[in-house]
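**Q** Protein sequences, first through last, are from chains A and B.
Those letters in the first sequence? Residues 0 to 205, by numbering that gives the first Met the number 0.
Those letters in the second sequence? Residues 0 to 205, by numbering that gives the first Met the number 0.
Ideal Cβ placement from N, Cα and C applies to all residues, glycine included.
Protein chains: 2
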Amino acid sequence: MSVDVLTLRYNHLDRQVEIAVAHRQTEPYLGQLALPGVVLREGERLADAAARAVWDKLRLPLRAQGQLTVFDEPHRDPRGATLSIAMWGVAEDLESEQAHWYTLDDLPPLAFDHSQIVAECRPLLVERLWRDLTFTRAITGSSFPVSAAVAITRSLTGAPPDRGNLNRRLASIQGLGVSQRRVMLGRGRPGHLWEWHPVDPSERQP
Amino acid sequence: MSVDVLTLRYNHLDRQVEIAVAHRQTEPYLGQLALPGVVLREGERLADAAARAVWDKLRLPLRAQGQLTVFDEPHRDPRGATLSIAMWGVAEDLESEQAHWYTLDDLPPLAFDHSQIVAECRPLLVERLWRDLTFTRAITGSSFPVSAAVAITRSLTGAPPDRGNLNRRLASIQGLGVSQRRVMLGRGRPGHLWEWHPVDPSERQP
DNA sequence: ACAAAAGTGTTCGACTTACACCCATGG
DNA sequence: CCATGGGTGTAAGTCGAACACTTTTGT
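(1) At least one CB of chain B closer than 8 Å to the CB of residue 127(A): is that the case?
(2) Where does residue 205(B) land, buried or exposed, given buried means 16+ other C-beta within 10 angstroms?
(3) Only counting the same chain, and skipping five residues up and downstream in sequence, which positions put a Cβ closer than 8 Å to that of residue 90(A)?
(4) Using a C-beta to C-beta distance shorter than 8 Å, which residues of chain A count as neighbours of residue 221(B)?
(5) With a floor of 4 residues, list each alpha helix (DSSP H) that falls wholly inside the segment 26 to 78 of chain A, ordered by position along the chain.
(6) Report buried or exposed for residue 24(A), applying the criterion of at least 16 other Cβ atoms within 10 angstroms of its Cβ.
(7) What is the rounded straight-line gap between the Cα of residue 101(B) and the Cα of residue 156(B)?
(8) For the beta strand (DSSP E) containing residue 83(A), list its first residue and its last residue.
(9) Can at least three beta-carbon pairs, one atom from the segment 113 to 128 of chain B and one from the segment 82 to 89 of chain B, be found at a separation below 8 Å?
(10) With a cut-off of 8 Å, does the C-beta of residue 4(B) fall near any C-beta of chain A?
(11) Determine whether the Cβ of residue 69(B) lies closer than 8 Å to any Cβ atom of chain A.
(12) Whole angstroms are fine: how far does the CA of residue 159(B) sit from the CA of residue 92(B)?
(13) Check the Cβ-Cβ distances between residue 45(A) and every residue of chain B, and say whether any is below 8 Å.
(14) Which residues in chain B have a C-beta closer than 8 Å to the C-beta of residue 66(A)? List them in chain order.
(15) Quick test of your reading: residue 192(B) and residue 142(B), contact by CB under 8 Å. State the CB separation rounded to the nearest angstrom.
(16) Alpha helix (DSSP H) containing residue 122(B): first to last residue?
(17) Can you list the residues of chain A that residue 183(B) reaches, using a CB-CB cut of under 8 Å?
(18) So, does the segment 122 to 136 of chain A touch the segment 40 to 52 of chain A, judging by three or more C-beta pairs under 8 Å?
(19) Going by the DSSP bridge assignment, what does residue 143(B) pair with across the sheet?
(20) Determine whether the Cβ of residue 84(B) lies closer than 8 Å to any Cβ atom of chain A.
(21) Given that a residue counts as buried once 16 or more other Cβ atoms are within 10 Å of its Cβ, and exposed if not, what is residue 185(B)?
(22) Express the C-alpha separation of residue 161(B) and residue 137(B) in angstroms, rounding to a whole number.
(23) Beta carbon of residue 13(A), beta carbon of residue 37(A): below 8 Å?
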């Protein structure tokens, strides 16, 4: 019974969403890249286990996290049959020795069935983007320029979004609004800065 | 690490979808009604565990099954913290001493957090109806009259569907078609019989 | 001037909801 | 006849995708 975390961040410099993996410190698959994962402890909440996995394996704190699906192929772990609960997580944007960041498209082969987990979970992440506000807000941060929205969508879906449609989508998200501030990055017309309104703790999780 | 199954069937006589529960034979909650559930064995697939749970607790074979979500509140089981993977299942329509069938609306309070599990999973079942074909087909059986489609939708959503819209929805489902046969049940105009085409094993699971 | 980035407008088709109306059968 | 269940038609609204065009910046 383990928890494996698809740990994401938005890289402002390279304008892309990245997923973190780490070299395994123990057998099996010693030295190979793998998703951060831990064996669930007695009485531990999934959210706590996800945070622990990311901290243990990457030395990064998690900003938010949530469930994806359960993988139950009996041969996924050579040590014996263990279920894996796949979760998403968004890490704080900090330095870490252990964390290796890749695009979802450039991700090298991973240990266990982790490559397959990532492949199967990617559509689930796409579904959550701009819909699950906890997820989306964690990735964007409390405010973000339009370029970030474009880059995030492109990174997750694989294809660049239509800017017009994306703009309208953003505008329709409640709790999100344009500020008067404008941002320039490099050349091009400066864009509005989108800002999440401070949410009073009323939940909206589908 | 246990698996709890929301076991459904369509009751042709009462024209409603029902969920099965059984009196617990062991402590805790001895004698109280609960969802069929088992502790997952080493190396057991989720589908097998679900089938085992329904067989052990209800003596019914499962026609189909699938994942819903994971529940991880540490205090859900007084014996100690155990995760519960909630699954849906559709049982064969057979007699069983152990199984007690209820509408989702009339379900009495259940042991553990099972009432809450059912409440939280009901929307997930609604999402699957007429979309997840494995789920839908298992509930309807290989052919079914319109009245069944209406009753199933009403049972799961809680409100009666618009017959016209439901008809068009059915017509748009691929793998499903109207046969020339017509069915009468009681009074009223006889309706078409909808039939699932024999599916060549090409998967369609969202 | 040109490329890059941002923003507006419009259209099309799919799907959802809602409602109005007609058809066939048993009692 | 009429209540009950089945079926068709139509229109408004929403949503996503696609595309055309304008605006504002840096080089």
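**A** On the basis of the data shown:
(1) no
(2) Low per-residue confidence applies at residue 205(B): pLDDT is 35, beneath 50, and the placement is therefore not dependable enough to give any value.
(3) 6, 7, 8, 19, 53, 57, 59, 60, 61, 62, 98
(4) What is shown of chain B runs 0 to 205, which leaves residue 221(B) out entirely.
(5) 45 to 57
(6) exposed
(7) 15 Å
(8) 83 to 90
(9) yes
(10) no
(11) yes
(12) 24 Å
(13) yes
(14) 68, 69
(15) 5 Å
(16) 113 to 127
(17) The contacting residues do not exist; residue 183(B) stays about 41 Å from chain A at best.
(18) no
(19) 193(B)
(20) yes
(21) exposed
(22) 23 Å
(23) no
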